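Residue numbers (my numbering): 1030 to 1696.
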């Protein structure tokens, strides 16, 4: 009998092997070297596609369980085991990807012992972990049946109802929690996707999309393993088929043909849930007044429309038409559309909806693609193994198992040698690994695709000709602050206030930019040049000879004293007149090293804002969004973006916004 799954398995093995190499590199080199994640876009492909979308597509376990065990719709019971398998693989795939995504994978066990009950992520972690455990327990009867452990099977079946009810509760809880998780980003997520109804949207779409997913998987299973009743495929002549093996114990005919009404009914329920989801989405647009954003013609509006069409409208239409509802191809198209639309929705909410606010476009690295798709491919291989060795869909796995020995290759002829190699699964995988692993190692190695992270601070950019307003974005990563320099200066007392921020300047300079000394974004910078000083002091004092023969050391360290930092005179004893502003030296400032640019900015701005917030009556003055425009209030309608972008937030003491037409777009 022709093995229709062989090409798919080969592709899955190639992808899984590439994912294995990418996973090794991620663990060895870290997230920074292997991903394109930034501070502006810290959630990427693994967390959103593999985890958030993955668990959404795996909800068939609790939706079918609810239909069978709570609503007592027994006609859907044949799909109970496949639904549990999809849930088990989907949640396992999500947890595996999440293990690679977190910054410190070796601390994956911390939420188990270190509880933070105020965090949505804490609830999501426990719900996902417990539900994965539940699906594993629900999978055990299939395994024990394969091992002929009848007593254990009966024991597990006795507690099935309670296990299913717990699983339904956990799954519904964590899907609503995932939606609630994005409620903490009202200042960043695009108006088309942000809503206080996100928890409801996540639960409903997961239920409908999960049902569509199990319908799609059941149709694909029939196409791969039992195509005759549905697709009209004939067996190869002379190859043992179902009719020849019906006498074997435990073997029965495929039931796809009589299950088409069941699949159509289940798809109708999924389409009904999706129709409720679509209606709520439309009502939400009206409620929030976001129609302008939908009709603005931006790429977000087109993406939102495509998502809604794929998730709800197209499946509803295909299921509503009797001809397509009764056709495996038509029903499969509806199920594929619903599942793909659900995944797109999670990508929109978790990634695409943040592009405009972040001022950057995140595109996953090659290693991210390899690992993300590789985890899915590995789950697909596990799926094939389980359905071919246990009675998940039907008992025909025994027939397929027995038919494996129909062909026995010999080594008498050259053609038989190669045929035998290609027929053996172990040999095929080994042959694939020989070619795939070296190529994956070369193309995925981080050194070939990633440069050293930029930490050198870039100077502030003037937003107008007079540089009255500055855009401070030291590492050009998009988490910028727009600073009303002239207004700060005027409010704090004119020219005499410069020393409040520019506490020290380079010799002969006034108001040296911060980036000249704080020149590294992350690390402290050594700003004292000892070699330069030995030459400069010798020239100033007209000392002959080269250091140390010119005795310049004694001018700073003193005669007979150790030449250490503790014995040197303070810098302002020599530079009182040419470094500090308005004759106010700050002896507490160390001029040996300058703190990192990030620490210097935060230390200066936040300290002052914290001190002044009560006086000016702005309790939110020391919050991040006061300075960082990427964190300020979002626009509810795209049509109002241009007007809003001309009012770029309140300045430090913030009674009024910066009024400058050159402020630029800063959603």
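Note that CB positions come from ideal geometry on N, CA and C, so glycine has one too.
Just so we're clear, the structure is a prediction, and the values are computed from it rather than from any experiment.
Mind pulling the alpha helix (DSSP H) runs of 4 or more residues that sit fully within the region 1383 to 1412? 1384 to 1387
Does DSSP put residue 1657 in a helix, in a strand, or in coil? Correct three-state label for residue 1657: strand.
Judging by CA-CA distance, which residue of 1155, 1147 and 1406 is the nearest neighbour of residue 1040? 1406
Local Cβ density within 10 Å of residue 1064, reported as buried at 16 or more and exposed below that: So residue 1064 counts as buried.
Are the CB atoms of residue 1078 and residue 1376 nearer to each other than 8 Å? Yes, the Cβ-Cβ distance between residue 1078 and residue 1376 is below 8 Å.
Using 8 Å as the threshold, is the region 1234 to 1252 in touch with the region 1351 to 1363, meaning 3 or more CB pairs across them? yes
Length at least 4, wholly inside the region 1449 to 1518: the alpha helix (DSSP H) runs in chain order: 1454 to 1473
DSSP three-state call for residue 1642: helix, strand or coil? helix
Between 1584, 1553, 1213 and 1556, which has its C-alpha nearest residue 1566's C-alpha? If we check each option's Cα against that of residue 1566, 1584 comes out closest.
Exposed unless 16 or more other CB atoms sit within 10 angstroms - verdict on residue 1594: exposed
Where does residue 1589 land, buried or exposed, given buried means 16+ other C-beta within 10 angstroms? exposed
Taking the CB atoms as reference points, tell me whether residue 1475 and residue 1399 lie closer together than 8 Å. Using a Cβ distance threshold of 8 Å, residue 1475 and residue 1399 do not count as a contacting pair.
Does the contact criterion of 3 or more C-beta pairs under 8 Å hold for the region 1555 to 1570 versus the region 1481 to 1501? no
Check the DSSP bridge columns for residue 1549 and list the partner residues they point to. The secondary-structure analysis by DSSP pairs residue 1549 across a beta bridge with 1485.
Taking 8 Å as the cut-off, decide whether the C-beta atoms of residue 1379 and residue 1069 are in contact. no
Distance, Cα to Cα, residue 1542 vs residue 1657? 19 Å
Using 8 Å as the Cβ pair cut-off and three pairs as the minimum, do the region 1233 to 1241 and the region 1291 to 1303 touch? The region 1233 to 1241 vs the region 1291 to 1303: in contact.
Is residue 977 buried or exposed, if buried means 16 or more other CB atoms sit within 10 Å of its CB? This structure leaves residue 977 out entirely; the chain is present only between 1030 and 1696.
When the Cα atoms are used, what is the spatial distance from residue 1312 to residue 1382? 20 Å
Between the Cα of residue 1550 and the Cα atoms of 1564, 1607 and 1628, which residue gives the shortest distance? 1628
Three-way DSSP call (helix, strand, coil) for residue 1214 in this model: DSSP places residue 1214 in coil when its eight states are reduced to three.
For residue 1242, which residues of its own chain have a beta-carbon under 6 Å away from its beta-carbon, when the five flanking residues on both sides are left out? 1086, 1089 and 1368
Exposed or buried, what is residue 1044 when buried is set at 16 or more other beta-carbons lying within 10 Å of its beta-carbon? buried
According to DSSP, simplified to helix, strand and coil, what is residue 1310? helix
In whole angstroms, give me the CA-to-CA distance for residue 1513 and residue 1393. 35 Å
Counted within 10 angstroms of its Cβ, other Cβ atoms place residue 1622 as buried (16 or more) or exposed: exposed
Taking only the alpha-carbon atoms, compute the straight-line gap between residue 1272 and residue 1425 and give it to the nearest angstrom. Model confidence at residue 1272 stands at a pLDDT of 39, short of 50, so the residue's coordinates are unreliable; what they give is reported in the following sentence. Their Cα atoms are separated by approximately 12 Å.
Anticipated Cβ contact below 8 Å, residue 1599 with residue 1587, distance rounded: The Cβ separation is near 13 Å, so there is no contact.
Taking the Cβ atom as the reference point for each residue, do residue 1221 and residue 1211 lie within a distance shorter than 8 Å? no
Determine the contact status of residue 1163 and residue 1199, defining contact as a CB-CB distance below 8 Å. yes
Can you find at least 3 beta carbon pairs, one from the region 1225 to 1234 and one from the region 1093 to 1107, that sit closer than 8 Å? No, they do not touch.
Since residue 1112 contacts residue 1099 with CB under 8 Å, what's their CB separation in whole angstroms? Residue 1112 to residue 1099, Cβ: 14 Å. No contact.
CB-CB length for residue 1197 against residue 1091, believed under 8 Å: 5 Å
Would you kindly work out how many angstroms separate the C-alpha atoms of residue 1325 and residue 1152, rounded to a whole number? 37 Å
Check residue 1623 in the structure and name its three-state DSSP category. strand
Pull the bridge partners of residue 1555 from the DSSP assignment, please. 1622
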